[in-house]
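Student: Would you mind keeping the following structure in view while I ask a few things?
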Amino acid sequence: MTTTNPSPTGAPAGRAAPVRYPFPWTPPMEIPEVLRALRERAVVRVTLPSGDTALLVTRYVDVRSLFADHRLSRNIARPGVARISADNELFVDPNIDPDPPAHTRVRGLVTKAFTARRVEKLRPMAQRIADDLLDAMAEGPRPADLNEAYAFPLPIKVICILLGVPPEDMVTFRRLVDGFLSVTKLPPEEVGVCRRDLWKYLGDLIEAKRTSPGGDLISELIRVRDEDDNRLNEHELRFWVQGLLIAGYVTTASQIGAGTAVLLHRRDLLEQIKADLSLVPTAVEELLRTQIMGSSIGTMRYAVADIELSDGTVIPAGSSVLLSEESANVDEAVFPEPFTLDIRRTENHHMTFGAGLHYCVGAALARMELQVATETLLRRFPGIHLTVDGATLPRALGGFMEGFTQIPVDW
Ligand code: HEM
182 MTTTNPSPTG APAGRAAPVR YPFPWTPPME IPEVLRALRE RAVVRVTLPS GDTALLVTRY
242 VDVRSLFADH RLSRNIARPG VARISADNEL FVDPNIDPDP PAHTRVRGLV TKAFTARRVE
302 KLRPMAQRIA DDLLDAMAEG PRPADLNEAY AFPLPIKVIC ILLGVPPEDM VTFRRLVDGF
362 LSVTKLPPEE VGVCRRDLWK YLGDLIEAKR TSPGGDLISE LIRVRDEDDN RLNEHELRFW
422 VQGLLIAGYV TTASQIGAGT AVLLHRRDLL EQIKADLSLV PTAVEELLRT QIMGSSIGTM
482 RYAVADIELS DGTVIPAGSS VLLSEESANV DEAVFPEPFT LDIRRTENHH MTFGAGLHYC
542 VGAALARMEL QVATETLLRR FPGIHLTVDG ATLPRALGGF MEGFTQIPVD W
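As structure tokens, then:
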């Protein structure tokens, strides 16, 4: 896959050497250095883990408007689109039409379950789960790994209850999802086995629920599907259940872990929040803005027409395009002092949940879980601290998420 490097004049410009993407997390507890000068150009050519090239859009104004632009197709199952990974066909499904109007029809069936009002009703359930997990952590070995004791099980339990997935399946589907989201972590054969097993697992789960339905979201979607094939076909049903199950925990879990690790590293901020827990919601937003726990490789799009950006740069039709949430989130044209972690920041319209046509269905749910997780942890364990230097915590590379692999804590 080759792409032209566009210039501010609209004509294809000389080819600056592409930059490797995802960017390295250096320093590991800070916003990556590479983001500082990135917006000097509206578009940067990047080389993906597959070796293919794509155009990365860097400025807030462009990222925001392109998320809503119909000239960028999310259908990347077509010839010539840059591959994210050489070993895994991430986000490619030729049997799904991920663009409007087909996409909008199915999305509408799902978003109803995740409105801010419905999510608020789930807060007591998330609170109970957080309390139980911390009870268990208090009785377990010290130091504990915050990822395994808290950050992962909390959103997994919530999404399992919402979707009606038996909790005893947690270990199995977590392993399969890990393989499903591998970029360079696993060889292609293992990725293939995980993808097949996950798809089969979901098919079996749907059949089991069809036989004995419950009050959960999967049962509700099966009812819609069985009443009218035009609203939701069987493949779409399985695809969306897969998407909700995966998106419903990996991102939130990585963000609970990475965000908390940053707070434990920044004791000054931690003390301020402990002294005034009403700061939790703005602190959570600021950690979302600055601590993206992964890159923006999930935003891969294909330009079906030439697209002119705000400064006149043209993305040529046929380009593979990534919308850089992490760069938009530190755009000095929008965020004052963007490289400062300001837990009191109120104007914080970050792009971490995307925007427009594919805006994150679970944003309200993720926010609620992050707030509950942070506040409950600090109330319950005011003395919580990392048992190693935060700057040495290893990041999980080679997968879709890039949070920390382990977060050892004591209290
Ligand atoms: C901190 C947690 C989360 C982050 C950072 C996040 C981020 C995102 C982003 C950036 C997108 C847009 C991708 C694109 O435009 O290509 C997205 C879409 C999506 N998210 Fe999330 N997400 C989170 C949690 C959740 C949760 C809890 C759920 C499930 C309940 C969820 C379900 C989805 C779904 C189904 C989509 C696809 C929407 C569509 O294509 O219309 N996400 N998410």
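All the letters of the sequence shown, read from the start, carry residue numbers 182 to 592 under the numbering used here.
For glycine and all other residues, C-beta sits at the position ideal for the given N, C-alpha and C.
State yes or no: is the C-beta of I524 within less than 8 Å of the C-beta of I454?
Tutor: Yes. Within cutoff.
Student: In three-state DSSP terms, what is P209?
Tutor: P209: coil per DSSP, three-state reduction.
Student: Under a Cβ-count criterion, where at least 16 other Cβ atoms within 10 Å of its own Cβ denotes burial, should P517 be classed as buried or exposed?
Tutor: By the neighbour-count rule (16 or more Cβ atoms within 10 Å), P517 is not buried but exposed.
Student: Looking at the secondary structure, which residues open and close the beta strand (DSSP E) in which S501 lies?
Tutor: Element bounds for S501: 501 to 504.
Student: Distance check for P563 and D268, CA to CA, integer angstroms please.
Tutor: Going by the C-alpha atoms only, they are around 44 Å apart.
Student: List the endpoints of the continuous alpha helix (DSSP H) containing A235.
Tutor: Element bounds for A235: not the alpha helix (DSSP H) but the beta strand (DSSP E), 234 to 238.
Student: How far does the beta strand (DSSP E) with P324 in it extend, from its first residue to its last?
Tutor: Counting along the chain, P324 falls outside any beta strand (DSSP E), and DSSP gives it neither H nor E.
Student: How long is the line joining the alpha carbons of D378 and E349, rounded to whole angstroms?
Tutor: Distance between the alpha carbons of D378 and E349: 17 Å.
Student: Distance, Cα to Cα, R245 vs D512?
Tutor: Using only the alpha carbons, I get a separation of about 12 Å.
Student: Does the beta-carbon of Q436, which I'm using as the reference point, lie nearer than 7 Å to any heavy atom of the ligand HEM?
Tutor: It does: the Cβ of Q436 is within 7 Å (strictly closer) of some heavy atom of the ligand HEM.
Student: Quick check: the Cα distance between V200 and L216, rounded to an integer number of angstroms?
Tutor: Roughly 12 Å between the two C-alpha positions.
Student: Quick check: what's the CA-CA separation for A194 versus R226?
Tutor: A caution first: A194 carries a pLDDT of 34, below 50, which makes its placement in the model too unreliable to give a value.
Student: Kindly examine the ligand ADP and report whether one of its heavy atoms sits closer than 7 Å to the Cβ of E349.
Tutor: By its list of ligands, the structure shown excludes the ligand ADP, since it contains just the ligand HEM.
Student: Apart from the five residues just before and just after M549, which ones in its own chain have a Cβ nearer than 8 Å to its Cβ?
Tutor: Excluding residues within five positions, the ones whose Cβ falls inside 8 Å are V300, E301, L303, R304, A307.
Student: Within 10 angstroms of its Cβ, does K381 collect 16 or more other Cβ (buried), or is it exposed?
Tutor: By the 10 Å Cβ count, K381 comes out exposed.
Student: Is P368 buried or exposed, if buried means 16 or more other CB atoms sit within 10 Å of its CB?
Tutor: It counts as exposed.
Student: Nearest by alpha-carbon distance to D385: which of F354, L413, D410, G396 is it?
Tutor: With distances taken between Cα atoms, D385 lies closest to F354.
Student: Please report the distance separating the alpha-carbon of L574 from that of G543.
Tutor: About 28 Å.
Student: Quick one: residues in its chain with C-beta nearer than 6 Å to the C-beta of V461, no 5 flanking neighbours on either side, listed in chain order?
Tutor: For V461, where only same-chain residues beyond five positions count, the Cβ hits under 6 Å are Q552, T555, E556.
Student: How long is the line joining the alpha carbons of M318 and T228, rounded to whole angstroms?
Tutor: Taking the straight line joining both Cα atoms gives about 42 Å.
Student: Look up R226 in the DSSP assignment and give the residues it is bridged to.
Tutor: DSSP, once it has assigned bridges, lists L236 as partnering R226.
Student: Can you determine whether any heavy atom of the ligand HEM sits closer than 7 Å to the C-beta of R288, and answer yes or no?
Tutor: Correct: R288 has its Cβ closer than 7 Å to the ligand HEM.
Student: Identify whether H251 lies in helix, strand or coil by the three-state DSSP scheme.
Tutor: Note: H251 maps to coil in three-state DSSP.
Student: Where do the N-terminal and C-terminal ends of the beta strand (DSSP E) with P589 fall, by residue?
Tutor: Taken as a continuous stretch (DSSP letters only), the beta strand (DSSP E) holding P589 covers 589 to 591.
Student: How far does the beta strand (DSSP E) with R482 in it reach, from first residue to last?
Tutor: Its beta strand (DSSP E) spans residues 482 to 484.
Student: Expressed to the nearest angstrom, what Euclidean distance is found between the alpha-carbon atoms of G584 and L418?
Tutor: When rounded, the distance between both Cα atoms is 30 Å.
Student: Would the beta-carbon of C541 be found less than 7 Å away from any heavy atom of the ligand HEM?
Tutor: Yes, the beta carbon of C541 sits closer than 7 Å to at least one heavy atom of the ligand HEM.
Student: What I want to know is whether the C-beta of A249 ends up closer than 7 Å to one or more non-hydrogen atoms of the ligand HEM.
Tutor: Answer for A249: no, Cβ out of range of the ligand HEM.
Student: Rounded to whole angstroms, what is the Cα-Cα separation between M582 and F272?
Tutor: Each residue's alpha carbon lies about 14 Å from the other.
Student: According to DSSP, is I488 helix, strand or coil?
Tutor: Strand at I488.
Student: Report the option in R447, G479, P324 whose CA atom is closest to the CA atom of A464.
Tutor: Closest option to A464, Cα to Cα, is R447.
Student: If you follow the alpha helix (DSSP H) that F361 is part of, which residue opens it and which one closes it?
Tutor: Unbroken alpha helix (DSSP H) run through F361: 351 to 361.
Student: I'd like to know if the region 231 to 238 and the region 525 to 535 are in contact, where contact means that at least 3 CB-CB pairs between them fall below 8 Å.
Tutor: With the cut-off at 8 Å, the region 231 to 238 and the region 525 to 535 do not touch.
Student: Give me the Cα-Cα distance between P203 and A434, rounded to the nearest whole angstrom.
Tutor: Answer to the nearest angstrom: the Cα atoms are 20 Å apart.
Student: Between L426 and C341, what straight-line distance do the alpha-carbon atoms span, to the nearest angstrom?
Tutor: Roughly 8 Å between the two C-alpha positions.
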